[in-house]
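Numbering (numbering that gives the first Met the number 0), first residue to last: 0 to 72. Glycine residues also receive a C-beta, built at the ideal position from the N, C-alpha and C atoms. Note that the coordinates shown come from a computational prediction; the quantities given were computed from them, not determined experimentally. Some notes on the structure that comes next.
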Amino acid sequence: MNSEEESDELRSLLEVVSDKGLRVLSIQELDRLRMLLVAKDYGENKKADRSRKKLLKKINAEMFDRHSPRRLF
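What follows is the structure in structure tokens.
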């Protein structure tokens with residue numbers, strides 16, 4: 000996959016997340032989004048990098064919740 004295709008895929012996944020949230024994505028889509036975000040470099044833009052880190056935390060939490068759901072007592 001070239002850089003342009005990865006950017007398009009990242010953009011489309013981010014649009015889904017911004018419109019509907021993380022819950023509508025499958026585990027494979029969440030993992031792919033996580034990999035694309037980790038590979039993307041926002042070093043020159045501090046605000047974008049901060050948003051990327053927050054989204055990565057949310058993705059990791061969502062993946063953890065799906066693999067071992069929390070029990071409410």
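Inter-residue spacing [alpha-carbon to alpha-carbon] between residue i and residue j
i, j, result
"Glu-28", "Asn-1", "18 Å"
"Arg-49", "Ile-58", "14 Å"
"Lys-52", "Ser-67", "23 Å"
"Gly-20", "Lys-46", "21 Å"
"Ala-60", "Met-34", "15 Å"
Cutoff 6 Å; reference residue i; Cβ partners in own chain excluding five residues on either side
i, result
"Leu-12", "Leu-32"
"Lys-39", "none"
Classification of residue i by the beta-carbon crowding that lies within 10 angstroms, buried from 16 upward
i, result
"Val-23", "exposed"
"Val-37", "exposed"
Same chain only: Cβ atoms within 7 Å of residue i, ignoring 5 sequence neighbours per side
i, result
"Lys-56", "none"
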